[in-house]
Amino acid sequence: MNNKNSRCKLRNSRHLTPCFLVFFSVIISFLSCKSKNNLPSTSSDTISKLWCPESDFCELEILIDKHLQLKKDKFGMSYVEISEGNKIILKFKYKRTENLDLSDSNYREEVFVILDPNEVELETNNFKRTPIIFGRWCFCKGQAGNFGVRKGKLSIKKLKNNFYHLKLNFKVDEVPQIISNINHVFNLSV
Numbered sequence: 010m011n012n013k014n015s016r017c018k019l020r021n022s023r024h025l026t027p028c029f030l031v032f033f034s035v036i037i038s039f040l041s042c043k044s045k046n047n048l049p050s051t052s053s054d055t056i057s058k059l060w061c062p063e064s065d066f067c068e069l070e071i072l073i074d075k076h077l078q079l080k081k082d083k084f085g086m087s088y089v090e091i092s093e094g095n096k097i098i099l100k101f102k103y104k105r106t107e108n109l110d111l112s113d114s115n116y117r118e119e120v121f122v123i124l125d126p127n128e129v130e131l132e133t134n135n136f137k138r139t140p141i142i143f144g145r146w147c148f149c150k151g152q153a154g155n156f157g158v159r160k161g162k163l164s165i166k167k168l169k170n171n172f173y174h175l176k177l178n179f180k181v182d183e184v185p186q187i188i189s190n191i192n193h194v195f196n197l198s199v
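Quick note on numbering: the sequence shown equals residues 10 to 199 in this note's numbering.
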């Protein structure tokens, strides 16, 4: 810094010239910038969780251009297989808060609603045309697995832009369930 024409130099070791302050401000502004992410084929949406019991965890995962099939393994246990396809799958997840004093207190339920992208707005109780799968996962012998929903009512109404309001009331005869009503607003702008 012996150059007399230097624009930025220390006056003494305690003071920075305005040039250094501008330099650090520019560096900080560059570090605080973030590029936009591309939209993924799945999204989590937590706009409305009127259906979730207090103090438990609930979320909606939206899968676009997928196919869901309910299959059985060699032991007769059903499982869900998701692959590439042409449907919209709404995957509602419920997880009960674990009791840390108990081992094996994990409990979760999943509800899959399979929609035709050309017919998202609908009202039905025909779950052959609009399949719904209920999954129950817990340490409860003989009462866990995936089951097709046959009883209930589904209503999806478009609100504005890409927002929809889903109301689902359903009953599964095979196993007990905590979630039997889902009332959720979601966004399909993926």
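Ideal Cβ positions, reconstructed from N, Cα and C, are used throughout, including at glycine.
It should be emphasised that the depicted structure is a prediction, and the values quoted were computed from it without experimental measurement.
| query | result |
| --- | --- |
| Residue ranges of each beta strand (DSSP E) run of no fewer than 3 residues wholly in the stretch 95 to 176, ordered along the chain? | 116 to 124, 131 to 133, 141 to 147, 154 to 157, 160 to 167 |
| Considering only the beta carbon of each residue, do Leu77 and Ile98 sit closer than 7 Å? | yes |
| Straight-line CA distance for His174 to Asp65? | 22 Å |
| Taking the C-alpha atoms as reference points, what is the distance between Ile188 and Val120? | 9 Å |
| Skipping 5 residues on each side, what residues in its chain have a beta carbon closer than 7 Å to that of Asp74? | Ser50, Glu93, Gly94, Asn95 |
| Determine, for Ala153, whether the minimum Cβ-Cβ distance to residues of chain B falls below 7 Å. | As a matter of chain content, chain B is missing from the structure shown, which is built from one protein chain. |
| Residues in the same chain with beta-carbon distance under 7 Å from Tyr88, minus the five sequence neighbours each way, listed in chain order, please. | Lys80, Asp82, Asn155 |
| Residues in its own chain within less than 6 Å of Glu91 by CB, not counting five upstream and five downstream? | One detail in the question is off: residue 91 reads as Ile in this sequence, not Glu. Only Lys75, Leu77 meet the Cβ criterion. |
| Are the CB atoms of Phe148 and Gly161 within a distance shorter than 7 Å? | no |
| What would DSSP say about Ser189, mapped onto helix, strand or coil? | coil |
| Write down the C-beta distance between Leu271 and Ile141 rounded to the nearest angstrom, noting that I regard them as a contact closer than 8 Å. | This structure gives no information on residue 271, because the portion of the chain shown stretches from 10 to 199. |
| Please find out if some non-hydrogen atom of the ligand COA comes closer than 6 Å to the beta-carbon of Asn171. | With respect to the ligand COA, the structure offers nothing, as it holds no ligand at all. |
| Going straight from the alpha carbon of Asn190 to that of Asn115, what length do you get? | 21 Å |
| Go ahead and label Lys167 buried or exposed: buried means 16 or more other beta carbons lie within 10 angstroms of its beta carbon, across all protein chains shown. | exposed |
| Is Val184 near Arg145, with beta carbons less than 7 Å apart? | yes |
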